[in-house]
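Asks: Supplied in structure tokens, the structure appears directly below.
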Amino acid sequence: MALHLSMGEAHRRIAEYLARFSDAVSSQDGSALKSLIFVSSNSFYLLALADALNVFQDSSRLVNQTDKYSQLGEILIPYFRCLQSIRIGRFVDAYVAFEKAANAFLQEFRNWETGWAMEAMHTVALEIRVLAERADRELASSGKNPEKLQGAGSFLMKVFGALAGKGPKRVGALYVTCQLFKIYFKLGTVHLCRSVIRSIETARIFDFEEFPTRDKVTYMYYTGRLEVFNENFLAADQKLMYALMHCNPRSKDNIRMILKYLIPVKLSIGILPKMELLEKYNLPEYMDVVNALKRGDLRLLRGALRDYEDRFLRSGVYLVLEKLELQVYQRLVKKIYIIQKQKDPSKAHQVKLEVIVKALKWLEMDMDVDEVECIMAILIYKNLIKGYFAHKSKVVVLSKQDPFPRLNGKPVNS
Amino acid sequence: MEKKNRSRADKSGFQRARETRRNPPSSSNSWKFRPPARKEPHAAVEQSSDPSSSIRERSHNDGNLYSPNAPALVGTCPDMCPEKERAQRERLRDLAVFERLDGNLARTSPGLAVKKVKFHIISHKKLGRCCGKSDVSSLCYLNMEQLMKCLLSLFDMYDINQRSKSIGKNAAEFYSFYVLLHLGYKIPKMGDSLSFWYSQLALPILQSKEMCFARSLLRYSQVGNYKRLFSTIAAEASDLQLCLLEPFLNEVRGQALSYISYSSYKLQPYPLRDLCKILMIKEADLESLCYECGLETSTDEGGSKFLPAKQTSFRLPKPGFQSYSLFNSEKNHR
């Protein structure tokens with residue numbers, strides 16, 4: 001395509017772009033500016049411009065020969081280099097050039113008093129992350145150290161700093177925060193989230209609710225995930241539920257991502273999802289877990305942990321699910337109690353440890369009386385069972401009233 | 001600088017003698033030697049008034065003291081540094097020297113880092129076995145911190161090395177140490193949650209024998225299955241894993257005691273003889289542990305000891321409390 005492009009036509013395209021760019025700035029047209037720098041939109045217009053740049057080869061001269069363009073030259077010249085590099089598939093070069101352009105853009109943005117260019121600033125934030133990821137893939141595949149995404153993170157911290165203070169630009173800070181979260185989660189440096197979270201959550205000058213909904217949902221999703229890592233189940237529930245409630249109901253993928261973390265949290269506080277929900281959002285990994293809790297069948301829980309071990313470990317919910325074992329034991333003992341109650345209500349509240357051993361054997365779990373006694377001790381201690389165990393008689397004596405307290409939205413006492 | 005040091009030494013009653021004398025009786029002349037003003041790399045370790053090591057430091061600064069004609073220097077203060085602490089610090093200093101790669105303090109290698117980790121684990125076990133004293137418990141804490149630091153930097157090295165070649169076959173054991181540390185007393189763990197740490201590890205490591213061992217110990221402790229926890233340690237722990245675990249076992253046993261006392265029937269106190277089989281501890285040691293945890297024991301007419309139920313005075317054993325090794329009454333203990 002580029003071969004058929006004449007120098008004249010190339011010159012015309014570049015000049016037209018320059019005119020549109022400078023007009024957008026001088027008239028403070030935020031959405032026009034955004035569309036002019038939205039590289040990953042793969043717009044035909046920008047692809048055509050990239051071809052023109054590759055043919056013309058001396059675009060910096062064009063920029064510098066006109067005053068109103070040369071003022072924006074620090075942005076435009078590296079930006080053109082970026083476009084050219086992307087067109088020929090060289091993403092490390094593209095990133096390096098874009099970072100220069102982005103820094104220059106940030107300088108100008110700081111000087112503009114209002115937030116008219118916020119859309120464009122957000123596009124820069126998005127693009128630098130996307131380009132950095134592509135650059136790092138290129139570096140890794142040639143055996144080099146992938147460090148561009150880290151650099152993008154540093155740049156975004158600067159942007160955050162420009163937005164997070166008082167003034168009309170603050171409303172854009174949450175979007176940049178979310179881009180930072182994506183970078184930190186990808187790099188595994190989640191401890192860096194702490195300082196941006198502090199800036200967002202402790203400032204009294206801006207109400208969280210005034211941020212755009214889309215940004216609030218993303219923010220609550222990531223901060224909810226951090227709470228899951230730290231096993232703060234109540235906080236995790238609150239944040240992930242916010243994300244779920246305010247998420248666009250048509251974004252099935254986003255809902256699925258939220259549920260992936262919300263379900264283990266809900267299970268930990270004794271709330272079970274319906275099977276239909278798991279089917280609708282394609283979450284088969286939790287089906288056996290839910291059934292284990294319903295039936296008191298430890299095999300199902302252990303089987304799910306084995307079959308989906310990799311997935312659960314990578315998303316950080318493995319230990320959360322493992323802890324559900326106590327609730328499964330509680331359910332098993334409750335079922336034995338219910339069966340005994342049907343046979344002989346007067347004696348139902350005494351459960352012999354041997355009976356529990358036998359039930360576990362039917363479930364293919366080989367445990368002896370001592371082990372069962374240990375587990376009964378902790379179930380009682382953590383108020384999953386009300387009663388006591390008698391060591392000499394080898395029996396668990398259940399309280400006559402509410403012997404299997406429900407969790408009722410609170411996690412098991414730690 | 002030289003002049004300042006010498007005059008300070010003179011003022012503080014530093015005696016010069018023709019022959020070395022150990023621990024002169026005079027206490028009125030006892031002095032406190034302050035570390036040299038110039039910062040040496042290990043000045044931070046030099047905290048006490050140990051005369052011998054201070055002199056060694058000064059020899060770097062001031063060659064005159066060690067010339068053949070100089071008279072021997074003798075400190076007049078009595079030995080103020082506990083021997084154990086001095087030995088520990090000497091070992092630490094030696095280690096710091098031999099862990100340097102090509103004399104460069106900043107660079108080390110996985111092989112040397114591994115030695116450092118092993119050192120800290122063995123120290124951890126030995127410190128655990130010392131009878132509780134306040135200085136030992138602070139050493140325990142410092143040693144745990146150092147162990148944690150070494151482990152984390154070892155893992156960083158594994159991360160870097162794994163891009164070029166496969167990591168050593170013992171790496172899985174070293175990763176398992178990090179998991180086992182979560183069974184212990186709660187020092188502020190550097191870094192993030194265990195769940196997060198797992199999410200960053202490669203699956204082959206997570207599924208290795210050593211990691212599965214460590215992960216299942218954590219699971220048994222969460223579910224309160226102490227019998228299986230201790231029997232698994234006895235059956236499967238490597239020597240280093242056992243060294244690491246041993247000082248934590250009393251806290252684990254203590255938890256078991258609290259659950260049992262809380263949950264058992266008040267008319268049927270739990271016989272210590274049965275309990276010590278599950279917790280793999282000698283009965284006499286179990287009794288001491290009960291007292292350390294603020295729990296009483298009762299005795300029947302036959303002289304057998306029991307743990308009464310519903311005691312409310314439980315507290316976890318302090319970190320400086322002596323650790324008891326695994327005692328398997330059926331087999332020889334380890």
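Same order as they appear, the protein sequences are chains A and B. Counting from 1, position 302 in the first sequence corresponds to residue 302 in the UniProt record's numbering; the numbering is continuous, with no gaps. Counting from 1, position 277 in the second sequence corresponds to residue 277 in the UniProt record's numbering; the numbering is continuous, with no gaps. No residue lacks a Cβ here, since even glycine has one placed at the ideal position from N, Cα and C.
1. Alpha carbons only, please: which of B/Y175, B/I205, B/L183 and B/L257 is nearest the one belonging to B/A309?
2. Whose Cβ in chain A lies nearer than 7 Å to the Cβ of B/K209?
3. I want to see whether chain A comes within less than 8 Å of B/V223, judged by CB atoms only; does it?
4. Contact between the region 316-323 of chain B and the region 263-273 of chain B is defined here as three or more beta-carbon pairs at a separation below 8 Å; is this criterion met?
5. Pick from A/K266, A/W116 and A/P284: whose alpha carbon is nearest that of A/L234?
6. Please report how far the alpha carbon of A/L259 lies from the alpha carbon of A/S399, in whole angstroms.
7. Compute the Euclidean distance between the alpha carbons of A/R110 and A/G167, then round it to the nearest angstrom.
8. Are the Cβ atoms of A/Q327 and A/L293 separated by less than 8 Å?
9. Would B/N250 pass as a contact of B/S323 if the rule is Cβ separation under 8 Å?
10. In chain order, what residues of the same chain lie with their CB nearer than 8 Å to the CB of B/Y220, ignoring the 5 residues before and after it?
11. Between A/E138, A/M121 and A/V55, which has its C-alpha nearest A/Y95's C-alpha?
12. With a Cβ-Cβ cutoff of 8 Å, do B/F177 and B/I122 count as a contact?
13. My output table needs one value for B/Q146: the three-state DSSP class, helix, strand or coil.
14. Show which residues of chain A have a CB atom less than 7 Å away from the CB atom of B/L286.
15. Please report the distance separating the alpha-carbon of A/V396 from that of B/N328.
16. In the DSSP assignment, find the unbroken beta strand (DSSP E) run with B/A172 in it and report its ends.
17. Taking buried to mean at least 16 other C-beta atoms within 10 Å of its own C-beta, is A/P212 buried or exposed?
18. I need the straight-line Cα distance from A/Q150 to B/C243, nearest angstrom please.
19. At which residues does the alpha helix (DSSP H) containing A/Y381 begin and terminate?
20. Quick one: grab the DSSP three-state call for B/R58.
21. Find the residues of chain B that neighbour A/F404, judging by a C-beta separation of less than 8 Å, and give them in chain order.
22. Mind checking the region 136-149 of chain B against chain A and listing, in chain order, the residues whose C-beta falls within less than 7 Å of any C-beta there?
23. Express the C-alpha separation of A/L300 and A/M241 in angstroms, rounding to a whole number.
24. Buried or exposed for A/P218, going by 16 or more other Cβ atoms inside 10 Å?
25. Less than 8 Å between C-beta atoms, sequence neighbours within five positions excluded: which residues of the same chain meet that for A/F98?
26. Name the chain B residues that come within less than 8 Å of A/N408, Cβ to Cβ?
27. If you measure between the beta carbons of B/M280 and B/L245, is that distance less than 8 Å?
28. Which residues bound the beta strand (DSSP E) around A/Q350?
29. Should B/K227 be flagged as near chain A, meaning a C-beta pair shorter than 8 Å?
30. List, in chain order, every chain A residue whose beta-carbon is nearer than 7 Å to that of B/L194.
31. Let me see if you follow: with CB-CB separation under 8 Å, is A/V349 close to chain B or not?
32. Can you tell me which of the three DSSP states A/A102 falls into?
33. Identify which residue in A/R194, A/V176 and A/V190 has its Cα closest to the Cα of A/D215.
34. With DSSP collapsed to three states, give me the class of A/F80.
35. Can you confirm whether B/R219, when its beta carbon is compared against all beta carbons of chain A, has any partner nearer than 8 Å?
36. Would you say A/G270 reaches chain B, if we count a Cβ-Cβ gap shorter than 8 Å as a contact?
Replies: In terms of the structure at hand:
1. B/L257
2. In chain order: nothing, as chain A lies at least about 15 Å away.
3. yes
4. no
5. A/K266
6. 36 Å
7. 12 Å
8. yes
9. yes
10. Y226, R228, L229 and T232
11. A/E138
12. no
13. helix
14. Within chain A, no residue comes near B/L286; the closest Cβ sits about 15 Å away, beyond 7 Å.
15. 28 Å
16. First-last for B/A172: A171 to L180, but that is the alpha helix (DSSP H), not the beta strand (DSSP E).
17. exposed
18. 39 Å
19. V369 to Y381
20. Caution is warranted here: a pLDDT of 42 is assigned to B/R58, below 50, making its placement in the model unreliable, and no coordinate value can be reported.
21. Going along chain B, no residue has its Cβ under 8 Å from A/F404, so there is no contact; the nearest lies around 15 Å.
22. none
23. 27 Å
24. For clarity, residue 218 of chain A is Thr in the given sequence; the question names Pro instead. With 16 or more other Cβ atoms within 10 Å, it is buried.
25. V39, P78, Y79, C82, E127, I128 and L131
26. Chain B residues near A/N408: none, gap ~21 Å exceeds 8 Å.
27. no
28. Q350 to K352
29. yes
30. L319
31. Before going further, note that residue 349 of chain A is His rather than Val in the sequence given. No - not a single Cβ of chain B is within 8 Å of the one on A/H349.
32. helix
33. A/V176
34. helix
35. yes
36. no
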